[in-house]
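In what follows, a single structure is set out as structure tokens and then discussed.
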Amino acid sequence: IDSGRVTDVDTYSGLRCTQYFTEIGVCMDDAGPNPARLDPAVRRALATATDKSSIVDLFYRGYADVGTTLISPVNTDWHYEPTPAERFPYSLDMAGDILEEAGYRYTNESPSVRIATNESLAVRAGWTEEGTPLEFEMLVRSNSPEERDIAMYLQIQWRDIGVSIEYRVLDEADMGVAVYGYAYDLMIWY
797 IDSGRVTDVD TYSGLRCTQY FTEIGVCMDD AGPNPARLDP AVRRALATAT DKSSIVDLFY
857 RGYADVGTTL ISPVNTDWHY EPTPAERFPY SLDMAGDILE EAGYRYTNES PSVRIATNES
917 LAVRAGWTEE GTPLEFEMLV RSNSPEERDI AMYLQIQWRD IGVSIEYRVL DEADMGVAVY
977 GYAYDLMIWY
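In the working numbering, the protein residues as written are 797 to 986.
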């Protein structure tokens with residue numbers, strides 16, 4: 797150890813055996829601030845407008861893998877790997893088309909954020925009123941600065957499809973209370 801070198805230590809590079817993962821989660825309880833997130837088209841558009849490879853490269857410096865399902869591929873017995881047809885390819889144009897076809901439109905009163913129209917499932921199902929903007933709150937942890945940076949990145953990306961997010965930074969304890977209280981829209985957490 798005099799030379800500053802440590803011997804007889806093995807290192808590992810790869811997916812964590814603990815199956816730890818970080819996700820962009822969507823509250824599926826109707827108690828959150830904007831229940832338009834319950835519309836599968838909105839969630840599909842957000843997934844399509846999320847450049848997961850860039851997030852891995854920019855914010856995790858390549859030391860992560862793009863997730864495909866909730867169960868990590870390190871768990872070979874339980875992980876399902878989606879086929880290419882089942883994945884959401886990154887495309888802002890496609891994401892905008894998904895929202896347009898689902899009845900979320902720009903208006904003169906809301907030229908930069910889409911609103912729910914009477915054609916949208918969110919209005920037809922009674923989750924939101926007509927004219928509700930696609931504005932969501934995203935919770936991130938204070939002890940994970942990369943999550944705040946990802947939220948800022950998503951603000952820019954999703955703005956291009958007419959979705960606005962504001963992020964709120966919480967400590968770990970408050971994050972747990974908020975998430976398990978089901979009164980939020982989106983979160984980045986593990």
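Backbone N, C-alpha and C define an ideal beta-carbon position, used for all residues, glycine too.
Here the structure is a predicted model, which is why all the values come from computation and not from measurement.
Which residues DSSP lists as bridging residue i, in chain order
{"i": "arginine 937", "result": "Leu966"}
{"i": "arginine 944", "result": "Per DSSP, none; premise fails for arginine 944."}
{"i": "glycine 821", "result": "Met983"}
{"i": "phenylalanine 932", "result": "Ile961"}
{"i": "tyrosine 876", "result": "Paired residues: none, contrary to the question."}
{"i": "tyrosine 900", "result": "Ala912"}
Residue from the options with nearest C-alpha to residue i
{"i": "glutamate 819", "options": "Leu866, Val959 and Leu895", "result": "Leu866"}
{"i": "arginine 937", "options": "Pro929, Leu930, Gly972 and Ser916", "result": "Gly972"}
{"i": "leucine 895", "options": "Thr913, Gly863, Ser868 and Tyr976", "result": "Thr913"}
{"i": "threonine 903", "options": "Arg833, Pro878 and Pro929", "result": "Pro929"}
{"i": "proline 878", "options": "Val852, Asp889 and Val862", "result": "Val862"}
{"i": "serine 916", "options": "Pro907, Val909, Arg901 and Ser908", "result": "Arg901"}
{"i": "glutamine 953", "options": "Asn830, Val802 and Asp889", "result": "Asp889"}
Residue i classed as buried or exposed, judged by whether at least 16 other C-beta atoms fall within 10 angstroms
{"i": "valine 919", "result": "buried"}
{"i": "tyrosine 876", "result": "exposed"}
{"i": "alanine 891", "result": "buried"}
{"i": "valine 959", "result": "buried"}
Own chain, CB closer than 7 Å to residue i, minus 5 neighbours either side, in chain order
{"i": "valine 965", "result": "Val936, Ser938 and Arg944"}
{"i": "serine 887", "result": "Thr844"}
{"i": "glutamate 882", "result": "none"}
(request) Kindly confirm or deny that the stretch 936-950 and the stretch 849-856 touch, where touching means at least three C-beta pairs closer than 8 Å. (result) yes
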